[in-house]
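In full-length UniProt numbering, the protein residues as written are 1 to 675.
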């Protein structure tokens, strides 16, 4: 029976399900028609039968031809696809390598073979043929998408399918070159400012001014030509710099040595002139790029000048220069203008909040007392934000004890939580002696009054800065924040109540401590401010009482000094013990003491703080920029006085991180000296 069925071949179309059902339905309809016709009349039925047979034969033949043509088309298409796949593997512009389970090359297409030249690769291990390619395949074997690699002096997209033992390589060197060209040709805008041009030239003759101006312009022009950039003078003390990103990379590699050239040459001529630059890139919008360049210049000037700030939008700033102490260039006119602007803001506010930084010092708390007095002179209620629960040094504790005798001042001191509850949309927040919201005593109040914030500080401005302050008064040239606020006090309504003894004493104490008894970072304006405070009732004997050292603090400081180690001959480093808490002021005093050692140009004291963070107090004689070093570790300050606090690290770990930075700087200095 099976043999009989095997011999009986169904029509080709019957092998297709859809055509088979069409034939079945056609036959059924034909039979139904014939039966109906015979029931009506046998002659009519016979005619219908003959017609049905003819139609069915035509339909069957047509279906048979369609089925045969379809099979032939499918067979031809299958052949062409298979042949296309084979030719594609051989001819397509993509490298294909098939390897076996032992990492030996089983097959390679001609396109990829061309990169090996005449080298025989079949049957050999990939590593023996090319170790670089083998390493790349191993490194990216588990990647879900393609990876970019460099091989054979070209760039490729590499995709590995480990389940099939297949590697695909596409040469994208041409597109990579286009990408590099696009990157290198991005527009860079820079604004160059002569920091102290007005101060230097105010006593010079016209001919000397012309000579100085010509020297600076010609020197800058030669410098920009060397780096393929364009320079255009905007006015007497500003220039526009235009270049490409590749030029900027060369400038950064050179570390903007033009700053040293201008400063050193003009200093020899007794006209010490310094430059500051703000450079921006990464923006298609020219107006936005120019605005960013100006913002970067403002940052450089806010940090004291004589430096370069390079920054793209949404990227961290890069700093160059800043090797010298800023030259004093603020004027009493500016102090008066700021004082008047502050009075106007007071008149538009329902209440004033003033806050220093966490772990307050005399300058911070003294500045708060000074602002409270200015607010009172203008008829406004001012609250001093202070968290007395925080551990503070003995001088602050003694000051707060003395404030207990001044009920009006004592009642104005509130906690951060209380301040946040009292603040309204019409309140004004003044941040003194700091500009970083993250280190503010009133961080929660700042979050509420971001658009109603005033900054008054004498530290160099850092990258972290309030986004939209209503008024900024940052003067790195000043000795202290108390000095700045004392000058503003002189322009307040004279008929108002004058400062009391404790306010004047606290502010003078802040100046004395920040200047190390008027021996460091002082100018004529510093002594003018001190004289004003003395005339306002500052008590020198009370300052001595505030600054007396506790026996425990004295012993701690001497213990720290006994742990000193010398790094690179001119750097002294102290690292306290892990798990032992030291007072931050004691650590700062130890850092100051180390500068009295012969040959020491910079000192660093690393200690565990009471808040479980590790603090570093950094000091310098001016030869080493400790601010730049502390900024690399998340802190900041001045060229000669800086600090940082680090979380989630031990003293030992922080010490090693600092050593790495110091060693890198020493290596760079050695390299620069060779060049």
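We put the CB at the ideal spot given by N, CA and C, even for glycine. No experiment lies behind these values; they were computed from the predicted model shown.
With a contact defined as Cβ atoms closer than 8 Å, residue 626 and residue 640 qualify at about 7 Å. DSSP places residue 619 inside the beta strand (DSSP E), whose first and last residues are 614–620. Within the region 376–443, the runs of alpha helix (DSSP H) that reach at least 4 residues and sit entirely inside it are, in chain order, 394–403, 407–411 and 416–422. Beta-carbon to beta-carbon, residue 320 and residue 333 are separated by about 31 Å, too far to satisfy the 8 Å threshold. Taking the Cα positions, residue 642 is about 32 Å away from residue 346. In the displayed model, residue 643 falls within a strand according to three-state DSSP. Under DSSP, residue 150 takes part in a beta bridge, and its partners are 155. Rounded to the nearest whole angstrom, the CA to CA distance from residue 446 to residue 453 is 7 Å. Residue 247 is positioned such that its CB atom lies closer than 7 Å to that of residue 229. Residue nearest to residue 340 within the set 544, 525, 481 and 487 is 487 (criterion: CA-CA distance). For the set 256, 419 and 513, the Cα lying nearest the Cα of residue 276 is the one of 256. Counting every other CB atom within 10 Å of its CB across the protein chains shown gives residue 383 a total of 16 or more, marking it as buried. Residue 307 is bridged by DSSP to 321. At a Cβ-Cβ threshold of 7 Å, residue 112 and residue 95 count as neighbours. Assignment of beta-bridge partners to residue 457 by DSSP yields 474. In this structure, residue 392 and residue 437 do not form a Cβ contact; the two beta carbons are roughly 21 Å apart against a cut-off of 8 Å. Of the other Cβ atoms in all chains shown, fewer than 16 fall within 10 Å of the Cβ of residue 118; this residue is therefore exposed. Taking 7 Å as the cut-off, the beta carbon of residue 155 is found closer than this to the beta carbon of residue 173.
Segment contact: the region 535–547 against the region 655–666, fewer than three CB-CB distances shorter than 8 Å; contact not assigned. Contact annotation: residue 423 and residue 449 have beta-carbon atoms nearer than 7 Å. According to the DSSP assignment, residue 123 belongs to no beta strand (DSSP E), since it is labelled neither H nor E.
Shown here, residue 104 sits in a strand according to DSSP, grouped into three states.
Non-local beta-carbon contacts of residue 338 in its own chain, meaning distances under 7 Å to residues more than five positions away in sequence, involve 473 and 488 in chain order. Judged by beta-carbon spacing, residue 502 lies within the 7 Å limit of residue 403, meaning their Cβ atoms are closer than that value. Rounded to the nearest whole angstrom, the C-alpha separation of residue 463 and residue 457 is 15 Å. Judged by beta-carbon spacing, residue 311 lies beyond the 7 Å limit of residue 287, meaning their Cβ atoms are not closer than that value.
In the three-state reduction of the DSSP assignment, residue 518 falls in the coil class.
Taking a contact to require three or more Cβ pairs closer than 8 Å, the region 572–583 and the region 608–615 qualify as touching. Nearest Cα to residue 535 within the set 566, 509, 520 and 499: 499. Sequence-distant Cβ neighbours of residue 301 in its own chain, meaning closer than 6 Å and more than five residues away, are 276. By the 16-neighbour rule on beta-carbons within 10 angstroms, residue 223 is buried. If only uninterrupted beta strand (DSSP E) runs of at least 3 residues are considered, those enclosed by the region 214–284 are 230–235, 238–244 and 275–281. Spanning the alpha carbons of residue 537 and residue 369 requires a straight line of approximately 14 Å.
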